[in-house]
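Novice:
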DNA sequence: GGTTGGTCTATTGTCTACAGAAGACAAGTG
DNA sequence: CACTTGTCTTCTGTAGACAATAGACCAACC
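Protein chains in written order, with this note's numbering: chain D, 0 to 236; chain G, 0 to 236.
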């Protein structure tokens, strides 16, 4: 049995920061001061800075040279980018991955789904979020396309960051379980083996509710994004 | 007139490393030792490490905890991933960006193309590469989709890294100019405004020559990648 | 002779300290 | 009273030093 290497401070700091972002403890637009975090996390600045570089690359925080780092604040155009790109990546993943060639890959989906269910029933809000990300990643991973999976994961995290604010208020225990049920259905459809059916299920997957009244909550209304929002609302879902 | 902030060491180190990778001074599989580079680049280790984290995120170098960093060595499956994903991103970019809505964006394409041409005629091999990347990025950027452009750029750099070895030998001065001519033609087709025509031009863009005999040069022959290679060679290009 | 154990070196992981820039604030000036 | 200017504080950028680990090499033992 192969023992695993102890996680590096960079890794721990990255995960801790990610959790602070997903939980909303760090909100979009917030300034991220290095010295504050070193105290909170018990890490010195160099590894923390490396972790921040990683999250910067993922688009979760934004660094301005000599001015500090901020939690990325998405514009309407950003949301347009995220949603359109995510949809395209999903499409490709389904076409490549469904029907599933290697049953072993399904195991990962089931494992994530089970953990998701456990967290949902326990009312563990943040845990549900993390396992939902892992579940979706594992679904995309059915394609056997690592880069596709990573791109998808990155996009997904950005989207969650944006949903952060109103999520906490909205997510009751029932809706957590509802999410799980929806994911369970998705996996069933995938196992049935029809790419078209999966596309349909994903199209109606219904995580677009956060778009309601989005224009008032964010800035950056580009022509593209406004046109897109109009199309989406006219039922092109 | 707004003066620009002096570039940080992290930025400089990232660019220098990138150049070492593109030029083949660092070859796939090579070990990257921090202390050696600090001497060569005249930077201390913390900013160098941050730069390496950035390149790790881009997939250009691979870090093994407590074992050091290596230039990423691509498998056939990796190449399959890169080519398929790149194609998909191109497709989306063309559909979103052609015909061009904002003429201002074309200016960036033309500027990059001009620089590309100048480097090609000067026989500046590395410069051509850099400007070719910028040209392609600017074309994808016609879509106004920043994330799409960045994903494409990352994928493209990975591909260049893989082509590195045989590139230097193969690229004569004429072929440099040929590349430029091809790019010029592409931009003309784009300006003509027909997405289908652009798709056709891209399909026959002809940078697939490096796939000849690729199986012998790299490892990692997954079922997906072998099937894909067969399809490509049967003229699905 | 092959294997095991120990030591030694090279390299990574982390921390502390210092230099320099950006922004805040207050005092002076029109 | 508004605006500018100088200073001060806070924070980032970078450097250098120390601790700890992995792998190589050599010797001793089975």
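Glycine residues also receive a C-beta, built at the ideal position from the N, C-alpha and C atoms. Here the structure is a predicted model, which is why all the values come from computation and not from measurement.
Within 9 Å (strictly less), CB to CB, does residue 87 of chain G reach chain D?
Specialist: Yes, because at least one Cβ of chain D sits closer than 9 Å to the Cβ of residue 87 of chain G.
Novice: Between residue 140 of chain D and the ligand FAD, is there a pair consisting of the residue's CB and a ligand heavy atom that are separated by less than 8 Å?
Specialist: Among the components of this structure there are no ligands whatsoever, and the ligand FAD is therefore not found.
Novice: For residue 37 of chain G, which three-state DSSP category applies?
Specialist: Residue 37 of chain G falls in the helix class under three-state DSSP.
Novice: How would you list, in chain order, the residues of chain G whose beta-carbon sits under 7 Å from the beta-carbon of residue 16 of chain D?
Specialist: By Cβ distance, chain G contributes nothing, its closest Cβ being about 14 Å from residue 16 of chain D, past 7 Å.
Novice: Counting along the chain, where does the beta strand (DSSP E) carrying residue 74 of chain D start and finish?
Specialist: It is not in any beta strand (DSSP E) - residue 74 of chain D carries neither H nor E in the DSSP assignment.
Novice: Distance, Cα to Cα, residue 54 of chain D vs residue 111 of chain G?
Specialist: About 30 Å.
Novice: Compute the Euclidean distance between the alpha carbons of residue 178 of chain D and residue 203 of chain D, then round it to the nearest angstrom.
Specialist: In a straight line, the C-alpha of residue 178 of chain D is about 13 Å away from that of residue 203 of chain D.
Novice: Comparing C-alpha positions only, which one of D:30, D:15 and D:62 sits nearest to residue 41 of chain D?
Specialist: The shortest C-alpha separation from residue 41 of chain D is found at D:15.
Novice: For the stretch 143–158 of chain G, which residues have a CB atom closer than 8 Å to at least one CB atom of chain D, in sequence order?
Specialist: Those residues of the stretch 143–158 of chain G that come within reach of chain D (Cβ to Cβ, closer than 8 Å) are 143, 144, 145, 146, 147, 150 and 154.
Novice: So, does the CB of residue 68 of chain G fall closer than 9 Å to a CB anywhere in chain D?
Specialist: So no, residue 68 of chain G is outside the interface.
Novice: Which runs of the alpha helix (DSSP H) fall wholly inside the stretch 186–224 of chain D and span at least 4 residues, in chain order?
Specialist: Taking only runs of at least 4 residues, the alpha helix (DSSP H) segments lying wholly in the stretch 186–224 of chain D are 194–202 and 213–216.
Novice: Would a check of beta-carbon distances place residue 83 of chain D closer than 9 Å to chain G?
Specialist: Residue 83 of chain D counts as touching chain G.
Novice: In this structure, how does DSSP classify residue 68 of chain G when only helix, strand and coil are distinguished?
Specialist: Of the three classes helix, strand and coil, the one that applies to residue 68 of chain G here is strand, per DSSP.
Novice: Between the beta-carbon of residue 107 of chain G and the beta-carbon of residue 140 of chain G, is there less than 9 Å?
Specialist: Cβ atoms of residue 107 of chain G and residue 140 of chain G: closer than 9 Å.
Novice: Using beta carbons (cut-off 9 Å, strictly below), is residue 58 of chain D in contact with chain G?
Specialist: Cβ-Cβ to chain G under 9 Å: yes for residue 58 of chain D.
Novice: Does the CB of residue 39 of chain G have a neighbour CB from chain D at under 9 Å?
Specialist: Answer no: the Cβ-Cβ gap between residue 39 of chain G and chain D never drops below 9 Å.
Novice: Could you compute how far the alpha carbon of residue 99 of chain G sits from the alpha carbon of residue 192 of chain G?
Specialist: In a straight line, the C-alpha of residue 99 of chain G is about 7 Å away from that of residue 192 of chain G.
Novice: Which residues bound the beta strand (DSSP E) around residue 62 of chain G?
Specialist: First-last of the beta strand (DSSP E) with residue 62 of chain G: 60–63.
Novice: Please report how far the alpha carbon of residue 221 of chain G lies from the alpha carbon of residue 142 of chain D, in whole angstroms.
Specialist: Using only the alpha carbons, I get a separation of about 12 Å.
Novice: Pairs of beta-carbons, one from the stretch 22–36 of chain G and one from the stretch 67–85 of chain G, closer than 8 Å: are there three or more?
Specialist: Result yes; three or more Cβ-Cβ pairs closer than 8 Å.
Novice: Sorted by chain position, which residues of the same chain lie with C-beta nearer than 7 Å to residue 60 of chain G's C-beta, five sequence neighbours on each side aside?
Specialist: If we look at residue 60 of chain G and ignore the five residues flanking it on each side, its Cβ neighbours are 31, 51, 54, 68, 69, 70 and 71.
Novice: Have a look at residue 213 of chain G and residue 82 of chain G and give me their C-alpha separation to the nearest angstrom.
Specialist: Using only the alpha carbons, I get a separation of about 13 Å.
Novice: Taking a Cβ distance cut-off of 8 Å, strictly less, list which residues of the stretch 41–53 of chain D are near chain G, in chain order.
Specialist: So the close ones are 45, 48, 49, 52 and 53.
Novice: Tell me the residue span of the alpha helix (DSSP H) that contains residue 11 of chain G.
Specialist: Segment 8–22, the alpha helix (DSSP H) holding residue 11 of chain G.
Novice: Just reading off the alpha helix (DSSP H) that residue 125 of chain D is part of, what are its end residues?
Specialist: Its alpha helix (DSSP H) spans residues 124–139.
Novice: Within a Cβ cutoff of 7 Å, which residues of the same chain sit near residue 91 of chain G, ignoring the five residues on either side of it in sequence?
Specialist: Counting only Cβ-Cβ distances below 7 Å, and skipping sequence neighbours, we find 147.
Novice: Residues of chain D with CB under 7 Å from residue 64 of chain G, in chain order?
Specialist: Under the 7 Å cutoff, chain D gives 4 and 7.
Novice: Let's test the definition: count the other Cβ atoms within 10 Å of the Cβ of residue 4 of chain G and tell me whether it reaches 16, buried, or not, exposed.
Specialist: That one is exposed.
Novice: Step through the CB atoms of chain D and report whether any lies within less than 9 Å of the CB of residue 137 of chain G.
Specialist: Answer no: the Cβ-Cβ gap between residue 137 of chain G and chain D never drops below 9 Å.
Novice: If residue 73 of chain G sits next to residue 217 of chain G, beta carbons under 8 Å apart, how far is it from one beta carbon to the other, in whole angstroms?
Specialist: The pair is a contact, with the Cβ atoms about 6 Å apart (cut-off 8 Å).
Novice: Mind checking who residue 30 of chain D pairs with in its DSSP beta bridge?
Specialist: DSSP lists D:69 as partners of residue 30 of chain D.
Novice: Below 8 Å CB to CB, which residues in the same chain sit around residue 236 of chain G once its five sequence neighbours on both sides are set aside?
Specialist: With a pLDDT of 49 at residue 236 of chain G, under the threshold of 50, the predicted position of this residue should be treated as unreliable, and no value is reported.
Novice: May I ask you to report which of helix, strand or coil DSSP gives residue 230 of chain G?
Specialist: Note: residue 230 of chain G maps to helix in three-state DSSP.
Novice: Return the CA-CA distance between residue 26 of chain G and residue 163 of chain G, expressed in angstroms with no decimal places.
Specialist: Distance between the alpha carbons of residue 26 of chain G and residue 163 of chain G: 8 Å.
Novice: For residue 175 of chain G and residue 117 of chain G, which I take to be in contact (beta-carbon distance under 8 Å), what is that distance rounded to the nearest angstrom?
Specialist: Wrong, their Cβ atoms sit about 11 Å apart, outside the cutoff.
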